[in-house]
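Visitor:
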Amino acid sequence: MTIKTDAVIVGAGPVGLFQAFQLGLQDIRCHIVDALPYVGGQCVELYGDKPIYDIPGIPLCTGRQLVEQLQQQTKPFAPTLHLNQEVIAVECLPSGELDIRTSTQQHFVCKTLFIAAGVGAFQARKLTVDGAQAFEGTQLHYRLGELASYTNQDVWVIGGEEAAVSAALQLVHQTQHKPRSVTLMHRRDVFQAAPELEKAMRDAVAQGQLQLQIGQLTGLHGNANSLQTISIATATGETIERPAQQLIACLGLSPKLGPITQWGLAMERKQLVVNTETYGTDVPGIFAVGDINTYPGKKKLILCGFHEATLAAFGAAAIVHPTRKTLLQYTTTSTELHRLLGIA
Numbered sequence: 173m174t175i176k177t178d179a180v181i182v183g184a185g186p187v188g189l190f191q192a193f194q195l196g197l198q199d200i201r202c203h204i205v206d207a208l209p210y211v212g213g214q215c216v217e218l219y220g221d222k223p224i225y226d227i228p229g230i231p232l233c234t235g236r237q238l239v240e241q242l243q244q245q246t247k248p249f250a251p252t253l254h255l256n257q258e259v260i261a262v263e264c265l266p267s268g269e270l271d272i273r274t275s276t277q278q279h280f281v282c283k284t285l286f287i288a289a290g291v292g293a294f295q296a297r298k299l300t301v302d303g304a305q306a307f308e309g310t311q312l313h314y315r316l317g318e319l320a321s322y323t324n325q326d327v328w329v330i331g332g333e334e335a336a337v338s339a340a341l342q343l344v345h346q347t348q349h350k351p352r353s354v355t356l357m358h359r360r361d362v363f364q365a366a367p368e369l370e371k372a373m374r375d376a377v378a379q380g381q382l383q384l385q386i387g388q389l390t391g392l393h394g395n396a397n398s399l400q401t402i403s404i405a406t407a408t409g410e411t412i413e414r415p416a417q418q419l420i421a422c423l424g425l426s427p428k429l430g431p432i433t434q435w436g437l438a439m440e441r442k443q444l445v446v447n448t449e450t451y452g453t454d455v456p457g458i459f460a461v462g463d464i465n466t467y468p469g470k471k472k473l474i475l476c477g478f479h480e481a482t483l484a485a486f487g488a489a490a491i492v493h494p495t496r497k498t499l500l501q502y503t504t505t506s507t508e509l510h511r512l513l514g515i516a
């Protein structure tokens, strides 16, 4: 099915969300596409629980709190989210519209496209052990996924970051779909997680609910593409083999520009070149905001991305509403903006 819309935003991080808000103020509705299964982008991935001090009017907030506030701000305009997928193809149509396709076969025809992809689409770092690819999607996962699939299984969670600790605890505390065993494995006994989360993990280990293995995965063993056991090089130098039917590899995420490089847009040092009047690229109707763009004096700050999104929305208004005069209005006094915001 083809979705016809005024605008598509690539990226659901803070700048992408604020772009949706600014488009709403211009009476432009939009759809947002993001490679992650949740909104927040780099801000949630890297700064989810870390303090941010340079957002105007907010002396202190975490990355997650900022994203929550931005989601609340965009609510009046109800942008449609399309998560866990990438935009893989962009084509200019003879009509002047843009034809956009995603990795999940989603198809858009839109008047404007906003690339707010930060430093690229975040993708899970893959397990590099020989034969791992054969089990991906069945017994090897890069996110926790559906809990029912781990019922009565020997589950190994691999990683030392918060995502791994959190996944292990969620599995341990299941009441319905309980695994036979849950083991958290990391190459060393040091974890990058919030203190309260690490304490909960240590308590679960002490109580025998969770097993902790210090070591590195070295082999996967099974037959007919069915994983049965894994080999581990322990911290003491020995190699052991243990039962395993499910692996959850939480090895972090890495940003990749991916298909953006193939869309025919002018680039400089892996960033999209834009003008500073509308933050448009060299292709009419395509804008780039946030860390993905470059121009003289560019600064990679969230508040700079907010400024870029504001001017890009004005640029889009001239395309989406060509017969209207685009006026500068203020949310404090404009009855039209109050109408759009749903303020009585």
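Just add 172 to the spot in the sequence shown (first one is 1) and you have our numbering. Ideal Cβ positions, reconstructed from N, Cα and C, are used throughout, including at glycine. Source: prediction; values computed, not measured.
Should residue 428 and residue 342 be called a contact, given that it needs their Cβ atoms to be closer than 7 Å?
Guide: no
Visitor: Exposed or buried, residue 222, counting other C-beta atoms within 10 Å across all chains shown (16 or more means buried)?
Guide: exposed
Visitor: Can you list the beta strand (DSSP E) stretches of 3 or more residues lying completely in the stretch 217-270, in chain order?
Guide: Every beta strand (DSSP E) stretch that sits fully inside the stretch 217-270 and reaches 3 residues is listed by chain position as 252-254, 259-264.
Visitor: Pick from 318, 273, 267: whose alpha carbon is nearest that of residue 431?
Guide: 273
Visitor: Do the stretch 457-465 and the stretch 479-488 touch if we need at least three Cβ pairs shorter than 8 Å?
Guide: yes
Visitor: Taking residue 397 as the reference, give the member of 200, 426, 498, 309 with the closest Cα.
Guide: 309
Visitor: Taking contact to mean at least 3 C-beta pairs separated by less than 8 Å, is the stretch 258-274 in contact with the stretch 356-366?
Guide: At 8 Å Cβ cutoff, the stretches do not touch.
Visitor: Give the secondary structure of residue 491 by DSSP, where H, G and I count as helix, E and B as strand, and everything else as coil.
Guide: helix
Visitor: State the Cα-Cα distance for the pair residue 444 and residue 358, rounded to the nearest angstrom.
Guide: 38 Å
Visitor: Are residue 182 and residue 212 close, meaning C-beta to C-beta below 7 Å?
Guide: no
Visitor: From the DSSP output, which residues share a beta bridge with residue 193?
Guide: Bridge partners of residue 193: none, in fact.
Visitor: Measure the CB-CB distance between residue 253 and residue 204 and report whether it falls below 7 Å.
Guide: Yes. Within cutoff.
Visitor: What are the start and end residues of each continuous alpha helix (DSSP H) run of 4 or more residues lying completely inside the stretch 466-514, in chain order?
Guide: Taken in chain order, the whole alpha helix (DSSP H) runs of length 4 or more contained in the stretch 466-514 are 474-492, 507-513.
Visitor: As an exercise, report each continuous alpha helix (DSSP H) stretch of at least 4 residues that is fully enclosed by the stretch 333-407, in chain order.
Guide: 334-344, 367-378
Visitor: Evaluate the contact criterion for the stretch 319-337 versus the stretch 411-422: three or more CB pairs, one atom per stretch, below 8 Å.
Guide: yes
Visitor: Taking the straight line between their C-alpha atoms, what separation do you get for residue 378 and residue 328?
Guide: If I take the Cα positions, the gap works out to 18 Å.
Visitor: Do you know whose CA, among 406, 411, 178, 277, lies nearest residue 251's CA?
Guide: 178
Visitor: DSSP three-state label for residue 319, please.
Guide: helix
Visitor: To the nearest angstrom, how far is the alpha carbon of residue 495 from that of residue 340?
Guide: Cα atoms of residue 495 and residue 340: separation of roughly 56 Å, rounded to the nearest angstrom.
Visitor: Using a 10 Å radius around the Cβ and a threshold of 16 neighbouring Cβ atoms, would you call residue 287 buried or exposed?
Guide: buried
Visitor: Per the contact definition of three or more C-beta pairs closer than 8 Å, is the stretch 185-193 in contact with the stretch 496-503?
Guide: no
Visitor: If I follow the unbroken beta strand (DSSP E) through residue 460, where does it start and stop?
Guide: 458-460
Visitor: Let's see if you can read the secondary structure: which residues bound the beta strand (DSSP E) around residue 176?
Guide: It spans 174-182 - the beta strand (DSSP E) in which residue 176 sits, taken as one unbroken run.
Visitor: Would you kindly work out how many angstroms separate the C-alpha atoms of residue 468 and residue 442, rounded to a whole number?
Guide: 15 Å
Visitor: Would you kindly work out how many angstroms separate the C-alpha atoms of residue 311 and residue 455, rounded to a whole number?
Guide: 43 Å
Visitor: Roughly how far, in whole angstroms, is the beta-carbon of residue 415 from the beta-carbon of residue 433, given that I think they are within contact range, below 8 Å?
Guide: Actually they are not in contact, since the Cβ atoms of residue 415 and residue 433 sit about 43 Å apart, beyond 8 Å.
Visitor: Starting from residue 417, follow its DSSP beta bridges and name the residues at the other end.
Guide: BP columns for residue 417 are empty, so no partner.
Visitor: How far does the beta strand (DSSP E) with residue 327 in it extend, from its first residue to its last?
Guide: 326-330
Visitor: Who are residue 273's beta bridge partners in DSSP?
Guide: 261, 279
Visitor: Can you have a look at residue 406 and say buried or exposed, based on whether 16 or more other CB atoms are within 10 angstroms of its CB?
Guide: exposed
Visitor: If you run the structure through DSSP and keep just helix, strand and coil, what is residue 187?
Guide: Residue state, collapsed to three classes: helix.
Visitor: What is the rounded straight-line gap between the Cα of residue 202 and the Cα of residue 384?
Guide: 46 Å
Visitor: I'd like the span of the beta strand (DSSP E) that includes residue 445, first residue to last.
Guide: Going by DSSP, residue 445 is part of the beta strand (DSSP E) stretching over 443-445.
Visitor: Note down the Cα distance separating residue 451 from residue 193, rounded to an integer number of angstroms.
Guide: 17 Å
Visitor: Is residue 287 helix, strand or coil when you go by DSSP?
Guide: strand
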